[in-house]
Each structure stands twice: as C-alpha cells, then as structure tokens.
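Undergrad: Here's a structure for you.
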Amino acid sequence: MTVMPFPSRASVRPPAFDIEKVLASIDTMAAQRPVAAQIVSVANSDDTSAKVLSRILAADVALASRVMKLANSAYFGMRGRVTSLQFAVTVVGFTTVRTMATVALTNLDDESRLPEDFWTVTTSLALASSTLAPRFGERPQDALCVGLLAQMGAALFHHNDAEGYAELVAEHPTFAGRRYAEGRRYGINSLRLTSVALEQWGFPSSMTIPLNQVDELSAPEGALLRASFEVAARLTVEDYEPVPITRLTRGQLREEDLPTVLEQVRADADELRRAMLGLTDDEDDEDDWIA
Amino acid sequence: MSVTVSVPHDELVPAEIVSTVFYSATVSDTMAILVAELVGGTARLSWCNDGAVQLLGYGLSDLRAIPVEHLFPTLGGGELKLLMRRERSVRMTLPVRTASGADVESVIVSTPSPSGRMWTMRLVSTANEQERALRATADAHERRFSTLTERSPIPTLLSEQGMRLAHVNDAFCTLVGLRAEQLLGTGWIDTVHPDDLDDVVEHVASALEGGDGETKARLVREDGTFRTTIIRFAHLFTPGVGAGFVGTIEDITDRLAFETQLAHQANHDPLTGLPNRTLLAEYIAGRFRPGAGGLACLFLDLDNFKVVNDSLGHAAGDELLIEVAKRLRATVRPGDLVARFGGDEFVVVCENVDESSTVALAERVSLALAEPLHLGGVDVRPYASVGVTVQTSEHHAADDLIRDCDIAMYQAKASGKGRITVLDQQARAEARDKLRLVTELRDAIERREITLLYQPIFDTRNRRPVAIESLARWEHAERGAISPVTFIPLAEESGLITSLGLLVLDETCRQMAEWDRLLGAGAPPRANVNVSALQLDTNLPAQVAEALARHSLEPCRISVEITESALMKDPDSARGVLQQLRDLGVDLAIDDFGTGYSSLAYLRHLPVDCLKVDRSFVAELADGHAEIASAVIALARNLNLSTVAEGVETPEQADELARLGATFLQGFGLALPMTGGATAAWFAAHGDRAR
Chain A
7 MTVMPFPSRA
17 SVRPPAFDIE
27 KVLASIDTMA
37 AQRPVAAQIV
47 SVANSDDTSA
57 KVLSRILAAD
67 VALASRVMKL
77 ANSAYFGMRG
87 RVTSLQFAVT
97 VVGFTTVRTM
107 ATVALTNLDD
117 ESRLPEDFWT
127 VTTSLALASS
137 TLAPRFGERP
147 QDALCVGLLA
157 QMGAALFHHN
167 DAEGYAELVA
177 EHPTFAGRRY
187 AEGRRYGINS
197 LRLTSVALEQ
207 WGFPSSMTIP
217 LNQVDELSAP
227 EGALLRASFE
237 VAARLTVEDY
247 EPVPITRLTR
257 GQLREEDLPT
267 VLEQVRADAD
277 ELRRAMLGLT
287 DDEDDEDDWI
297 A
Chain B
18 MSVTVSVPHD
28 ELVPAEIVST
38 VFYSATVSDT
48 MAILVAELVG
58 GTARLSWCND
68 GAVQLLGYGL
78 SDLRAIPVEH
88 LFPTLGGGEL
98 KLLMRRERSV
108 RMTLPVRTAS
118 GADVESVIVS
128 TPSPSGRMWT
138 MRLVSTANEQ
148 ERALRATADA
158 HERRFSTLTE
168 RSPIPTLLSE
178 QGMRLAHVND
188 AFCTLVGLRA
198 EQLLGTGWID
208 TVHPDDLDDV
218 VEHVASALEG
228 GDGETKARLV
238 REDGTFRTTI
248 IRFAHLFTPG
258 VGAGFVGTIE
268 DITDRLAFET
278 QLAHQANHDP
288 LTGLPNRTLL
298 AEYIAGRFRP
308 GAGGLACLFL
318 DLDNFKVVND
328 SLGHAAGDEL
338 LIEVAKRLRA
348 TVRPGDLVAR
358 FGGDEFVVVC
368 ENVDESSTVA
378 LAERVSLALA
388 EPLHLGGVDV
398 RPYASVGVTV
408 QTSEHHAADD
418 LIRDCDIAMY
428 QAKASGKGRI
438 TVLDQQARAE
448 ARDKLRLVTE
458 LRDAIERREI
468 TLLYQPIFDT
478 RNRRPVAIES
488 LARWEHAERG
498 AISPVTFIPL
508 AEESGLITSL
518 GLLVLDETCR
528 QMAEWDRLLG
538 AGAPPRANVN
548 VSALQLDTNL
558 PAQVAEALAR
568 HSLEPCRISV
578 EITESALMKD
588 PDSARGVLQQ
598 LRDLGVDLAI
608 DDFGTGYSSL
618 AYLRHLPVDC
628 LKVDRSFVAE
638 LADGHAEIAS
648 AVIALARNLN
658 LSTVAEGVET
668 PEQADELARL
678 GATFLQGFGL
688 ALPMTGGATA
698 AWFAAHGDRA
708 R
C-alpha cells in the first residue's frame, strides 16, 4: 500500500518507509511468539494471577528463564530466593512480565537487530524512571516498564530503515533533538510510535500518556520520563551537555537529587540488561558506561 | 459497542435493521459518533450523531467544515494516520478539542469501513461523572491510607515488588535515621543487619506468596548503632498488578534491655553483683555430666561474720561482703564462677580441675581473703571456712555436688575456723545416711509408726500416780529403736516437727479417751505432752483445742510441757501463746528447768503451773549435791508453782526429793514407760491410788 502524506506535511521530506506497514507488522509479530502474545493480552486483566501467568510463561523457556533471572537480580533484592516460576512472577509483578513478553514479541531481545547501545540506554532509562517514580507520585514498577519499552519505536525505525535511522541518530545525539528529527522523517517520533503500539496491545493509558507528553514541558505527566531521559543521557551520551533538571521537571527535582540516582542506576543497569536479554555472566563483558 | 459492523457481503443485513440501528445511533445522547472520510487526501468529517453534537458543541455543518486533526490537537504531523488505520480498529486515549476550545480527555475507537475510505469514530469521554466519582473514591482511599501510614507512630514499610519498597513512613525513617529517598526501592535492605537479612528475605518471600509472619531483626542505624525489632509481614495483592507486602516494625530494644535487666536482677545478688543461688544451680546443672568428673566446688562461709555485723553495723557487714566478692573474683581463674549462696556464704565453681588444683585454689582464696581490711575504724581479717568437693562417680545430680560441698564446709567449721576441708567418704556417707533417715521419719509419721510410751508421774506425799507423760518412740524396721535424742532434732531440722508434735498430741488424747472408757475413774487423770520450741506459735492453742474436742476430753486432762530454752527464744511471743493455752484450760509445765538461761524475773510473769526439775540435778543428789534441786524446788514453791522431779531412780532419791518439797516424782525407779495397753493394766492395778 502507498502512504499518502497529509497535506500539512507536504513541505516535509517524504517518509522513508511505510508507517502503516510498520504498525501492521506489530500484529504479525504476535503470531511468531504466541506465548508472549498471550501473556501480553492476559497480564493486565484484573483476574490474572501469578499461577495463570506462570503456567502460560512456562511454555516459553527463554522468556521464563529471563523472568527467573530478573526476579533474582539485585533490583528485586531477593538474594536468590526465587526458585519457582510462579514466585518469580509474583516478585517481578504482572506488568513487568507483560513488559518482558512485549520485549520478546518485538524482538527487542535480539541486539543484532537493534540500534547501537539500545539496551544500555534502555536500562538506564528504565532504572532512572523507576528510581525517580516516587518523587513524581508514580508507581515505580510501571515507570520501570515504560522505561523498558519506551525505545520500541526507535527499534522499529531501525528495523525498517536501518541506514537512514543510523544517520539520523548520528546527526542528533540528544534524545529531544532526535525525536524532532524522527517526526520530520517518519511523520511520528519514536515515543509516539511506542505509545501507539502499546495502546494497540491494550497497555493502560497511564503507561502511554507519559510517552505522548514527554516533549510537552508544561505537561506534568511527561515530567518523570523527561527526567529519566536526562539521567540516561548523562550516563550514556558522550560529551553530553546536561540540561538543568529543575527546568525539565518544573522544579520537582533539583540537581543535588541526581548524584544518588545516577549512582544507583549505574550500579543496577548492567544486571538488568543481562536479565532482560537472558545473558549469562560470561557473555558480553563490554562496558558501555560513561564514568 | 460499535455501529459500524464489518459485514461479509454474502450475509447482508436487511435494510430495515440497518435503518433501525442507524436511527438509534443518530439520536443517542449517550454515545458520540463521528464519521470521517478521506476526500482528496484530506480527512474530513462527513457525519455525526446528536451525542457528538452535545459532547463537542459543534453543529453538524460546523463539523463538516473543520479538518479532523483540529479535533485532536495532540496528533501532530502525520499522526492522524494512527487513528485512521485502513485495516484495523484503533483505540486511543486522546484529548478532544471542543467548540469552546477546552480539551476533553476521551477514548476514541476508530473503525474503518470495508472500503477503507471511511471511519466511524466513537468518542467516550473519560471525564464522565461516574469515572470521576470512582477516581475520587480511589484517591480518597489512597489519601486516607497514606495519611494513616505517614502519621502512624509505627514504622511501616509498603512493598512495591519483591523486596522493593514503594513507601516508608516517617516513623521508619526516624527509626533508622535515614531519609525516605535513601530507603525506597532496595535501599532499606542495607539497614537490615547482615546476619538477619536471610530471615527477613525468607519472610518477605512467604508474605509475597500469601503468608503472614514475623521475624526478629536488627536494624542498623545511620550512626552504626542498631535497634532490635520485630518485623511483622502481611500479604498485599493488587488485582492486575501482583503481590506486595506491608511490614510493620516494633522496636523492642528497650523492652529487651529491660527484660535483660530483670533477668540479671533475678539471677544476681544486688549487693555484690555476683550470680545468686538460682543462677548457680542453673550453671552447675548446665555443666554437670554424671560420671564425667572435672567439676569442682568451693563452699566458703565467712567466720565470725555475725560479730562484724553486730559490732560494726550492717553497713560495715555489707562493705565486707562486697570486698570479699571482689577478692574472690580477682583470685579465681578466668571462667570460674563465683556466686553468693546467701548471707555470708559464697560458692566457686571450677571446670576441668582435679582435687589438688582445687585445694590449691581454695588455699589461694583463703590467703587472699585473709588480707586485712579496714572496716569502721578497725582492721578486720576475713577468714573463711572452705569446703571443697570434686565431682566423683557418686555424684548423680548437680545438687549432690553443692550439698557435699556444704557438708565439707560444715566439717571445716566444726574442726576450727579458717580451715579448708575436702569432703571425705565418711562424712558424705553420714550426711547421706541422715538424709535417708529424714525420709524414713517422714514416712513413719505419715503411717503413724511413731508410737507412744507412757510413764506415770506420782504425788510425792502418797506416791499415788497422778499423771502420765507421753514419750515418743520410733522402732525402725532395720535400725531398731531410734532414740528421741536422734529423731526429735532431726524432725526439727527437716521441718517435720509440727506433724510429729500433732501426732503425739492426738495419739495421747485418743489414748486418754480410751483409758477413760476402759478404766472409768481409774484412768490416768492427766497426760503431759511435750511441745517443741518450733511448735510454739499462734497455731498451737487451736491445735490443742481441736485434739481435745476430737476426743471429747476436758482441757484440764492435758498438761503441755515446753523446754526452758524454747521459752527463751522469743519470750514475748511465747508468753502470748502460753496465755492462750492457759485460757483454754490446759496446764503448763516448764521442762528441763535449770538447764537454760531463764530470767527469773521473767519467769514470774509466765502463766505456768509447774516446773520440771531436770534429771541431771536429781542425779546429783546421789553425790550429796542437793543445792540446785533444792533451789529450784524452793523457787517454785515461792512462786506458787508445783514441781516434778525427773529421773528418780532410787527410793533414796525419792525420799530426799520429798524432804526438799518436790510436789511430784517421775523416773525409772518408780515406774517405767509403758505401752498404752500396759499402762491401762498398770493403772487398773494401781488405780485405787490414782484419784
């Protein structure tokens, strides 16, 4: 099918790929990972239980082992006590299980098909988001999941337009600048694309609204994710010029709040990444962190 | 629901139904429905129902004039396409701009027509009243809950997932001295003492799986000190989210400290700070292994402590005890236990020692104690008698060890003060034998195997029997007759004297009643019953009255004999008891008179009837020494008291006593003690002389 640009976008460079096709592909992904798809669809229903979820999860060994690994990671503090899948689901929470299933569904667990540094940025984003959540009155677990999934749109851009997107990323090292460029190139920025995909899968609006509001400085719903991108940028972007956190959060955070957060994120990020990707300890030792 | 159903072409819905549905959709004011289409590449609205007009505030003609993206201000750039997908329905939560310019947060469900050129958009405002009310209720619950926990003085944790905390209250922050930001997530784990963390995680795991429970855990404060707490965990479940826990914390540090202090007080002597008898018993019991050996005890008793107390005062006595405790602690080996057994008695317990090293320790202790000490202006040398016992195979229980040690100490004392005695086999055997005898005496009293013999007492003038004295006898099955000189003191030491005394009293009364039945007027007129010093308390008059009543005897048929020394132990109280007995109507006699240290002035005020002249003074008569017997008899006469001369063995003694004025006579020379039956026969034969 041919995409017809809207009249208002006539002056902008034509999109390099078919966004509708990209969105349609999200549906077909479900067919390739039926277990993950089932988890995505049942995990947020009110009558879901750890028993139900773990029973479904058991059919996808790779995903199940990642959930186990995550439940035993330092992030949840359970010190290796989690030995059953059902308990693992209890510990990490249903939303996190659903998020991990979504990661599997969209092939975000295959680093070869992702933009460079994808998971380094994602784990920083997710941990910053979860760590800062209480200060914004948000649930840390939901914030973690929003952070883990936020860059799904970017992965889709990369997947469908690898060269063009790499060029775009290189040209725009800051996240905000990059989103603007994505809008110009694809008609939609990566976070909005993520939000559409999540909405399509029935994720609650509390998780999609922050993705839509991140560039609205006046919108409080986007403040947590905005602050988290700033923390992730400070940790992962070389020669990054920090933006005052007070301005990004309309005074909810001060610069002096950040050192502990940066420290915590740096400490936990690698383990979270390994759990999400199902890596063993001897796999992949490279260190992407900027001290 | 959706009104734009995608209908397969081969199953066409009848036109009438289509129009009915369409009509209801048109006039519905509970649903807002718009129809959009692509006209020349631009999305335009072509139709809306009444509900949409009400929600948006636009008329149908106005709506047709504005581009669709104008309604959805947040869908910038090419994002309108996200809402108008050709091959599937889309559901989005978006603000919708109304005619007034205000944004209404709504859920939009957009469904494409089979042609892919038209979309039905159903708008549901999320800001409707029911939802607002629900949200308000939820918010109120949340606020109430957070107010409750935040203001609660009970430190409280609320988990988000696993060990991760979503909330801590001020009370918890205060308890550990950290800010909430430092504790949220997994930060609080660092406040749990590393040795207790496993337990805490275990309980969290169980709470997450639906269990409740509590565990004791130390929480380390920011300054490095720690508080001991009980953490109680409860399961928390949020539908659609998962499991968490609530933890409430009780700081028991102060309570434990108080309990420890109480336990210490219960087990330690407040004066010297040494372990007391209770702790000593526990300590030995905890280390005693029968047959193992290696345990030894020193039992120390300060010599002449009473002298210090009486002459220099109790404060000086206390000072001496404190100093002794200090010297003992300084002299024993590390690991030895020094305990205050009571009063001026101390016990040292050593492990892994033999007899010679224990004796060596006892010598060191004695030397250390004997160093002069300045007390109340005087130099005092605190000597001690020390009993030493080393565990042998004969010690079956921990108590045996202390008891032997006590025996050894008494031996040391008996052989002269300031000595050290190791318990020898003979002393142990004697002590054990005595213990066995006490048990047998108890049994004998219970089974009424203590029997009574009765010895007649005669009127001096006409030599007629006027009374009998009850004398207790114990015929032991194996040991034969056991003398009252042995078993009366034994009963007094072992607390059996009251039951023995009651037995004698009751049996005498019973026997008297029996003689009355058998002999009538020829029965013994009166019985003298001995009462021990230890029985001489306020219970005695009632016990006597009960015995008399039980056997229907007149009080004048009984005379209670009390030794002189018993009266002098506590003269005031003794006098009170005697007066009550007297009021009851029984006679009273002072036994063994002249052997004690009676105050003669005091004697005048005692309500007694009779003095019994001790047999030793009667015996002296044979040697020509009548002075004391004579004096006692004269004294009694002057006080208007009668006298009984005991131990009369010869007619000469009887004559001499009659000459001296003794009122009554008693002794082997006149009549032997007899059983109840023999006494009845004796009185039957001599009864004419009785009354």
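Note that the protein sequences, when read in sequence, are chains A and B. Note that the first sequence covers residues 7 to 297 in this note's numbering. Note that the second sequence covers residues 18 to 708 in this note's numbering. By construction, the Cβ of each residue, glycine as well, lies at the ideal position given by its N, Cα and C atoms.
At the level of alpha carbons, what is the spacing between V237(B) and L268(A)?
TA: Residue mapping note: residue 237(B) aligns to position 220 of the second sequence, counting from 1. Residue mapping note: residue 268(A) aligns to position 262 of the first sequence, counting from 1. So the two alpha carbons sit approximately 25 Å from each other.
Undergrad: Counting Cβ pairs, one atom from each stretch, are 3 or more of them under 8 Å apart for the region 92-104 of chain A and the region 186-205 of chain B?
TA: Touching, no.
Undergrad: Which of the three DSSP states, helix, strand or coil, is assigned to V9(A)?
TA: Here residue 9(A) refers to the residue found at position 3 when the first sequence is read from its first residue. Only weak support is given to the placement of V9(A): the predicted model assigns it a pLDDT of 39, under 50, and the value that follows is read from those uncertain coordinates. Three-state DSSP puts V9(A) in coil, outside helix and strand.
Undergrad: From what residue to what residue does the alpha helix (DSSP H) around A80(A) run?
TA: Along the first sequence, read from residue 1 onward, the residue named residue 80(A) stands at position 74. Here A80(A) belongs to no alpha helix (DSSP H), and DSSP marks it neither H nor E.
Undergrad: May I ask you to list, following chain order, the residues of the region 118-148 of chain A that have a beta carbon less than 8 Å from some beta carbon of chain B?
TA: Listed by position along the chain: S136, T137, P140, R141, R145, P146, Q147.
Undergrad: Give the C-beta separation of L319(B) and P389(B) to the nearest angstrom, bearing in mind that I take them to be a contact with Cβ-Cβ under 8 Å.
TA: Taking the first residue of the second sequence as position 1, residue 319(B) is located at position 302. Taking the first residue of the second sequence as position 1, residue 389(B) is located at position 372. 15 Å between Cβ atoms; not a contact.
Undergrad: For I462(B), does the three-state DSSP call read helix, strand or coil?
TA: On the second sequence, residue 462(B) is found 445 positions in, with the first residue counted as 1. In this structure, I462(B) counts as helix in the three-state DSSP scheme.
Undergrad: Quick one: give me the first and last residue of the alpha helix (DSSP H) that R235(B) is part of.
TA: Against the second sequence, residue 235(B) aligns to sequence position 218. It is not in any alpha helix (DSSP H) - R235(B) instead sits in the beta strand (DSSP E) that spans 230-237.
Undergrad: Whose C-alpha, out of I32(A), L241(A), R190(A), is nearest the C-alpha of D109(A)?
TA: One-based indexing of the first sequence puts residue 109(A) at position 103. Reading the sequence as shown, one finds Val at residue 109(A) and not Asp. Ranking I32(A), L241(A), R190(A) by Cα distance to V109(A) puts I32(A) first.
Undergrad: Pick helix, strand or coil for V52(B), following the three-state DSSP scheme.
TA: Start at 1 with the first residue of the second sequence, and residue 52(B) comes out as number 35. Strand, per DSSP.
Undergrad: Check L92(B) in the structure and name its three-state DSSP category.
TA: Locating residue 92(B) in the second sequence gives position 75, where the first residue counts as 1. Looking at L92(B) - three-state DSSP - the assignment turns out to be coil, as it is neither helix nor strand.
Undergrad: If you run the structure through DSSP and keep just helix, strand and coil, what is M529(B)?
TA: The residue you call residue 529(B) lines up with position 512 of the second sequence. It is helical.
Undergrad: Whose Cβ in chain B lies nearer than 7 Å to the Cβ of T101(A)?
TA: Locating residue 101(A) in the first sequence gives position 95, where the first residue counts as 1. Within 7 Å Cβ-Cβ: V258.
Undergrad: Do A337(B) and V355(B) have their C-beta atoms closer together than 7 Å?
TA: Walking along the second sequence from the start, residue 337(B) turns up at place 320. Walking along the second sequence from the start, residue 355(B) turns up at place 338. The residue you asked about is not Ala; residue 337(B) is Leu in the sequence shown. No. Outside cutoff.
Undergrad: Cα separation between P572(B) and V548(B)?
TA: What you label residue 572(B) is simply residue 555 of the second sequence in a count that begins at 1. What you label residue 548(B) is simply residue 531 of the second sequence in a count that begins at 1. Approximately 16 Å, taken between the alpha carbons.
Undergrad: Where does D293(A) fall in DSSP's three states?
TA: Here residue 293(A) is taken as the residue at index 287 of the first sequence, counted from 1. Its pLDDT being 44, under 50, D293(A) is placed unreliably by the model, and nothing is read from it.
Undergrad: Less than 7 Å between C-beta atoms, sequence neighbours within five positions excluded: which residues of the same chain meet that for A70(A)?
TA: Translated into the one-based positions of the first sequence, residue 70(A) becomes position 64. Excluding residues within five positions, the ones whose Cβ falls inside 7 Å are L63, A64, L91.
Undergrad: How many Å lie between S328(B) and N321(B) at the Cα?
TA: Taking the second sequence and counting its residues from 1, one reaches residue 328(B) at position 311. Taking the second sequence and counting its residues from 1, one reaches residue 321(B) at position 304. Using only the alpha carbons, I get a separation of about 11 Å.
Undergrad: According to the neighbour-count rule (16 or more other Cβ atoms, all chains shown, within 10 Å of its Cβ), is L151(B) buried or exposed?
TA: Position 134 of the second sequence holds residue 151(B). With fewer than 16 Cβ atoms within 10 Å of its Cβ, L151(B) is classed as exposed.
Undergrad: Should the region 123-131 of chain A be called in touch with the region 239-257 of chain A, which here means at least 3 C-beta pairs below 8 Å?
TA: In short, these stretches touch, since the Cβ pair count reaches three.
Undergrad: In whole angstroms, what is the alpha-carbon distance linking I194(A) and N78(A)?
TA: Numbered from 1 along the first sequence, position 188 holds the residue referred to as residue 194(A). Numbered from 1 along the first sequence, position 72 holds the residue referred to as residue 78(A). Between I194(A) and N78(A), the C-alpha separation is close to 38 Å.
Undergrad: Would you verify that the beta carbon of V35(B) is, or is not, closer than 7 Å to some beta carbon of chain A?
TA: Locating residue 35(B) in the second sequence gives position 18, where the first residue counts as 1. Not closer than 7 Å to any Cβ of chain A, the Cβ of V35(B) fails to qualify, so no.
Undergrad: Whole angstroms is fine: what's the gap from L392(B)'s alpha carbon to A618(B)'s?
TA: Reading the second sequence from its first residue, position 375 is the one you call residue 392(B). Reading the second sequence from its first residue, position 601 is the one you call residue 618(B). Spanning the two alpha carbons is a distance of roughly 39 Å.
Undergrad: For a contact meaning CB atoms closer than 7 Å, what does A30(A) contact in chain E?
TA: Checking the listed chains, one finds no chain E in this structure; the protein chains it contains are A and B.
Undergrad: In whole angstroms, what is the alpha-carbon distance linking N2(B) and G227(B)?
TA: There is simply no residue 2(B) to check, as chain B begins at 18 and stops at 708 in what is shown.
Undergrad: Against chain A, does I206(B) count as a neighbour if the rule is that its beta carbon must be under 7 Å from one of theirs?
TA: Numbered from its first residue, the second sequence carries residue 206(B) at position 189. With 7 Å as the cut-off, I206(B) counts as an interface residue toward chain A.
Undergrad: Suppose you measure from the CA of V210(B) to the CA of M180(B); what does that come to, to the nearest Å?
TA: The residue given as residue 210(B) occupies position 193 in the second sequence. The residue given as residue 180(B) occupies position 163 in the second sequence. For the record, residue 210(B) in the displayed sequence is His; it is not Val. Each residue's Cα considered, the two are about 15 Å apart.
Undergrad: Comparing the C-beta of S60(A) with each C-beta of chain B, is any distance below 7 Å?
TA: If you number the first sequence from 1, residue 60(A) lands on position 54. So no, S60(A) is outside the interface.
Undergrad: Along the region 129-142 of chain B, where does the CB come closer than 8 Å to a CB of chain A? Name the residues.
TA: Cβ contacts with chain A come from no residue of the region 129-142 of chain B.
Undergrad: Beta-carbon separation of E578(B) and N556(B) under 7 Å?
TA: If you number the second sequence from 1, residue 578(B) lands on position 561. If you number the second sequence from 1, residue 556(B) lands on position 539. Not a contact, by the Cβ cut-off of 7 Å.
Undergrad: I need the DSSP call for G68(B), collapsed to helix, strand or coil.
TA: As a first step, residue 68(B) must be located in the second sequence, where it is residue number 51. Here G68(B) sits in helix by DSSP.
Undergrad: Under the three-state reduction of DSSP, which class applies to S659(B): helix, strand or coil?
TA: Within the second sequence, the letter at position 642 stands for residue 659(B). In the structure shown, S659(B) sits in a strand (DSSP, three-state: E or B).
Undergrad: Since F250(B) contacts F262(B) with CB under 8 Å, what's their CB separation in whole angstroms?
TA: By one-based count along the second sequence, residue 250(B) stands at place 233. By one-based count along the second sequence, residue 262(B) stands at place 245. Going by Cβ atoms, the distance from F250(B) to F262(B) rounds to 5 Å, so yes, they are a contact pair.
Undergrad: Express the C-alpha separation of V635(B) and E673(B) in angstroms, rounding to a whole number.
TA: The residue given as residue 673(B) occupies position 656 in the second sequence. The residue given as residue 635(B) occupies position 618 in the second sequence. Computed Cα separation, rounded: 9 Å.
Undergrad: In chain order, what residues of the same chain have a beta carbon less than 6 Å from the beta carbon of A662(B), not counting five sequence neighbours either side?
TA: On the second sequence, position 645 is the one that residue 662(B) refers to. Cβ within range, chain order: V630, V635, L674, A679, L682.
Undergrad: In terms of residue numbering, what span does the alpha helix (DSSP H) encompassing S196(A) cover?
TA: Here residue 196(A) refers to the residue found at position 190 of the first sequence. Its alpha helix (DSSP H) spans residues 196-206.
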